[in-house]
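Asks: Residue numbers (the numbering used here), protein chains in the order written: chain A, 971 to 1237; chain B, 971 to 1237.
Ideal Cβ positions, reconstructed from N, Cα and C, are used throughout, including at glycine.
Only a predicted model underlies this, so the values are computations on that prediction, with no experimental measurement involved.
This is the structure, below, for whatever I ask next.
Number of protein chains: 2
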Amino acid sequence: MDLGYDGTDFSGWARQPDRRSVEETVDNALQLALRLAAAPGLTVAGRTDAGVHARGQVVHVDVPRQPWQEMQARLVTRLNSLLPNDIRVTSVVAAAPDFDARFAATSRRYAYRISDEQAGVDPLRRRDVLWSPRALDATAMGEAAALLVGEHDFASFCRRRDGASTIRRLIEFTWAREPEGLVVARVVADAFCHNMVRSLVGASIAVGEGRRPVEWPAEVLGEASRSSSVMVVAGQGLTLEEVTYPPDNQLAARVSQARSYRGTRQL
Amino acid sequence: MDLGYDGTDFSGWARQPDRRSVEETVDNALQLALRLAAAPGLTVAGRTDAGVHARGQVVHVDVPRQPWQEMQARLVTRLNSLLPNDIRVTSVVAAAPDFDARFAATSRRYAYRISDEQAGVDPLRRRDVLWSPRALDATAMGEAAALLVGEHDFASFCRRRDGASTIRRLIEFTWAREPEGLVVARVVADAFCHNMVRSLVGASIAVGEGRRPVEWPAEVLGEASRSSSVMVVAGQGLTLEEVTYPPDNQLAARVSQARSYRGTRQL
């Protein structure tokens, strides 16, 4: 399943008692749509935090063959009629046997959007854009970001979890000022450890405001343990835009590689 | 004053008893910011209907000289700290003596945004984009729109008001499919009569869905009285993007011309 959501009014992807989560909302809609005895349980590509949005989130789910075959053609329409309008399912297809939304993914792409307009954020974009009260130098931010690209131990930008590697391959990290004035990051990696995008953005903002030199985020990276000098910015500006997968005949190899490399407890 | 707002949670620009209006919210904030005994009263360029948004709304207001001089430098920041985050004031300047936000305007530019994705509207754009469950032919819509440009009596696209002319100069009316997939109208006129943009959009959608031929909106225009066959679409997809004014030395002439031409009871 491909889906998008406005994360503003959710406590994040993950199901939590007495909180509105994307996972529970979608899982329940799927149970209703397929008339299952219980919610089927979802595996997601990117477990987004509270307030984080998605346009290209990917989920896999195992369901009984019969309701799937009966409902398949109408399932997108049926799910969207059951879901609140801050979640939309954009497509549902039968996955290859080895497909795994989380471990088969070869890359995740996020965007982080900031407005440094003195007056504040355009009200029509206030849900997915962070406001910076200080003017940002997008060129300096882009130079700082370029120094981080490559395979590194991102421990200084991650919340540590026992038994899990913090080595990641940062495939792309750019900052640009768009024609409408927003300062936007494009961040692509094979996977992200917890808080990684928001820490990378926090370090970039320190450079963009002129509080730190262009080389500083790369120096923090060299420290190889979590740095208290790096601010983790709000989830509000963050959107998961796209997840990519290998061809079907390479899915099994990719899953096995990602599981052994990152550890099963890692996102 | 230049301002923008997300019209979703307002009953429109105009003050109404027991309803949340943009006018009352801004007027009250101005009273507080300048510590006036009463709300000063606003004159607006475009009296937007319920659910309609603005990025380039313009307002003028007469205020006592002393609080203005004391507060001027901090007024944008002060107003935005008092306003809810679905309204932002982007600038406040002293206007020329003959300035009139409504009658001095030489053009208003609106955008109307539609998604015809089968799955529905991207949740992050659901507040300012209308969903069309049917696929739209943006090229046909553009051809139909081009036939309406020019000075005409738009009575067949207007809600009639006694004593007011419905002759308007439609300066630009285009439809285009944007790279991200939205079908977007750009509509510029010297002024709009009530419901005019939303009726023009409704007629365009009938063409875009293939229910009417490209020539049909121009035929309706020729009828010169309100047509019941034209649907007035929801305000949700409509945003006032920009209002233009002549140089200061032509303001008085423009105001006098617009007042006599359109009648003072017309928007």
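1. Return the residue from the list A:Pro-1103, A:Ala-1222, A:Ala-1223 that minimises the CA-CA distance to Gly-1178 of chain A.
2. Output the distance between the C-alpha atoms of Arg-1025 of chain A and Asp-1032 of chain B, rounded to the nearest integer angstrom.
3. Quick one: is Arg-1235 of chain A near chain B, going by C-beta distance under 7 angstroms?
4. Relative to the C-alpha of Gly-1207 of chain B, which residue among B:Val-1153, B:Phe-1073, B:Val-1063, B:Leu-1052 is closest?
5. Just to make sure I have the definition right: I need the residues of chain A whose C-beta is within less than 9 angstroms of the C-beta of Arg-1025 of chain B. Which are they?
6. Hey, how far is the Cα of Leu-1237 of chain B from the Cα of Arg-1096 of chain A?
7. Under 7 angstroms between C-beta atoms, does Val-1022 of chain A make it to chain B?
8. To the nearest angstrom, how far is it from the Cα of Arg-1048 of chain B to the Cα of Ala-1003 of chain B?
9. Roughly how many whole angstroms lie between the Cα atoms of Glu-1212 of chain A and Met-971 of chain A?
10. Might you give, ordered along the chain, the residues of its own chain that have their beta carbon closer than 6 angstroms to the beta carbon of Met-1201 of chain A, omitting 5 neighbours on each side?
11. Pick out the complete alpha helix (DSSP H) segments inside the region 1098-1132 of chain B, 4 residues or longer, and give them in chain order.
12. Let me confirm a value: Leu-1006 of chain B is counted as buried when at least 16 other C-beta atoms fall within 10 Å, else exposed. Which label applies?
13. Would you say Tyr-1215 of chain A reaches chain B, if we count a Cβ-Cβ gap shorter than 7 angstroms as a contact?
14. Can you list, in chain order, the residues of its chain whose CB lies under 8 angstroms from that of Gly-1112 of chain A, leaving out five sequence neighbours each side?
15. Would you report the Cα separation of Thr-978 of chain B and Pro-1093 of chain B, rounded to the nearest angstrom?
16. Which full runs of the alpha helix (DSSP H) of 4+ residues lie inside the region 988-1013 of chain B, going along the chain?
17. Applying a beta-carbon distance threshold of less than 8 angstroms, which residues of chain A neighbour Arg-1083 of chain B?
18. Compare the beta carbon distance of Leu-1052 of chain B and Ala-999 of chain B with 7 angstroms and say whether it is the shorter of the two.
19. Counting only C-beta atoms, is His-1018 of chain B closer than 7 angstroms to chain A at any point?
20. Between Tyr-975 of chain B and chain A, is any beta-carbon pair separated by less than 7 angstroms?
21. Any chance you could list the alpha helix (DSSP H) runs of at least 4 consecutive residues sitting entirely within the region 1140-1206 of chain A, in chain order?
22. Taking the alpha carbon of Arg-1131 of chain B as the point to measure from, which residue in B:Met-1166, B:Gly-1021, B:Trp-983 has its own alpha carbon closest?
23. Indicate the three-state DSSP secondary structure (helix, strand or coil) for Tyr-1231 of chain A in the structure shown.
24. Are the beta-carbon atoms belonging to Leu-1100 of chain A and Phe-1127 of chain A less than 7 angstroms from one another?
25. Can you confirm whether the region 1039-1046 of chain B touches the region 1216-1233 of chain A when touching is taken to mean that 3 or more C-beta pairs between the two stretches lie within less than 8 angstroms?
Replies: So, to answer that:
1. A:Pro-1103
2. 46 angstroms
3. Because Arg-1235 of chain A sits at a pLDDT of 42, beneath the cut-off of 50, its placement in the model cannot be relied upon, and the point is left open.
4. B:Val-1153
5. Asp-1092, Pro-1093, Leu-1094
6. Because the pLDDT of Leu-1237 of chain B is 43, which lies under 50, any placement of that residue in the model is unreliable, and the number read from its coordinates should be weighed accordingly. Whole-angstrom Cα-Cα distance: 29 angstroms.
7. no
8. 6 angstroms
9. 13 angstroms
10. Gly-1172
11. 1108-1116
12. exposed
13. no
14. Thr-1144, Trp-1145, Ala-1146
15. 14 angstroms
16. 992-1003
17. The premise fails here: Arg-1083 of chain B is roughly 10 angstroms from chain A at the closest Cβ pair, so nothing lies under 8 angstroms.
18. yes
19. The sequence as given places Thr at residue 1018 of chain B; His does not occur at that position. Output row for Thr-1018 of chain B: interface = no.
20. yes
21. 1166-1178, 1186-1193
22. B:Met-1166
23. helix
24. no
25. no
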